[in-house]
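S.K.: This is the structure, below, for whatever I ask next.
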Amino acid sequence: QFRLKEAGKRPFKAYSKGMRRKLTIAAALIHSPQVLFLDEPTTGIDVESSRQIRDLIVALKELGTTIFLTTHYIEEAERICDRIAFIAEGQIVSSGTVPELMDSVTHGHAIRFVTDKNSESIAAELQSSFEGSIVTIRPDHSLVLRSEQRIPLFPLMAFFHEKGIEVYEARELRPSLEDVFVKLTGIESSVLKKDKEKGDRR
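First residue of the sequence shown: 12, per our numbering; consecutive thereafter.
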């Protein structure tokens with residue numbers, strides 16, 4: 012599974028971080044445990060080793076092994092876990108399946124537009140035309156219209172048509188599981204990113 016056979020005669024201290032991590036996981040699997048605890052198994056190792064470990068976790072899960080996985084990588088948990096618990100300051104803030112967690116907070120609605128006009132010239136007018144909305148300009152000069160209420164698309168397109176503005180792209184933006192984590196824990200994305208970077212430097 013981990014392709015460590017060729018390195019079998021080398022001393023453990025000569026192994027890379029990824030190889031050491033894979034060997035410790037392999038040792039834990041020798042007696043075919045029904046329950047396995049993995050503490051940030053993909054942190055601070057190379058991409059290929061991370062992929063192999065994630066694939067192994069999925070395979071073990073399909074075989075019926077119960078796995079408790081701790082990770083700073085929310086996208087990793089979303090991809091491979093059946094249930095997720097958010098922990099902040101040592102306490103479980105919320106837990107559930109991904110759909111349950113996504114439904115547990117109010118997200119509002121957002122639509123991103125790419126047009127043929129200068130974003131700054133239409134942002135203020137767009138915001139004033141749709142009560143309760145907030146319009147922001149992204150670094151790529153696209154417009155994002157946000158509202159707590161569902162945004163009707165037809166009046167929006169009518170607004171652009173009346174102004175003679177051509178819309179190249181209109182796409183609904185859906186919140187990520189990281190957005191849910193930030194709302195439930197109060198931990199900002201920037202802090203989460205720093206924690207990931209610290210782990211990668213281990």
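Note that CB positions come from ideal geometry on N, CA and C, so glycine has one too.
Look at the alpha carbon of valine 125 and the alpha carbon of serine 153, and state the distance between them as a whole number of angstroms.
M.R.: Walking along the sequence shown from the start, residue 125 turns up at place 114. Walking along the sequence shown from the start, residue 153 turns up at place 142. Their Cα atoms are separated by approximately 5 Å.
S.K.: Need the endpoints of the beta strand (DSSP E) that valine 125 sits in, please.
M.R.: Numbered from its first residue, the sequence shown carries residue 125 at position 114. Unbroken beta strand (DSSP E) run through valine 125: 120-126.
S.K.: Tell me the residue span of the alpha helix (DSSP H) that contains glutamate 73.
M.R.: Here the question's residue 73 lines up with position 62 in the sequence shown. First-last of the alpha helix (DSSP H) with glutamate 73: 58-73.
S.K.: Sorted by chain position, which residues of the same chain lie with C-beta nearer than 8 Å to threonine 77's C-beta, five sequence neighbours on each side aside?
M.R.: Your numbering for residue 77 matches position 66 in the sequence shown. These residues qualify, in order along the chain: Gln45, Val46 and Leu47.
S.K.: Thinking just about the alpha-carbon of each residue, which of Ser27, Ile64, Thr147 and Glu180 is nearest to the one in alanine 37?
M.R.: On the sequence shown, residue 37 is found 26 positions in, with the first residue counted as 1. Minimum Cα distance to alanine 37 is reached at Ile64.
S.K.: Please determine, among Asn129, Leu188, Arg32 and Thr54, the residue with the shortest C-alpha to C-alpha distance to glutamate 111.
M.R.: Translated into the one-based positions of the sequence shown, residue 111 becomes position 100. Nearest C-alpha to glutamate 111: Leu188.
S.K.: Decide yes or no for the touch test of the stretch 96-114 against the stretch 134-141: beta carbon pairs closer than 8 Å, at least 3 of them.
M.R.: No, the stretch 96-114 does not touch the stretch 134-141.
S.K.: Confirm, please, whether the CB-CB distance from serine 158 to serine 8 is below 8 Å.
M.R.: The structure shown does not extend to residue 8, since the chain is modelled only from 12 to 213, so the question has no answer here.
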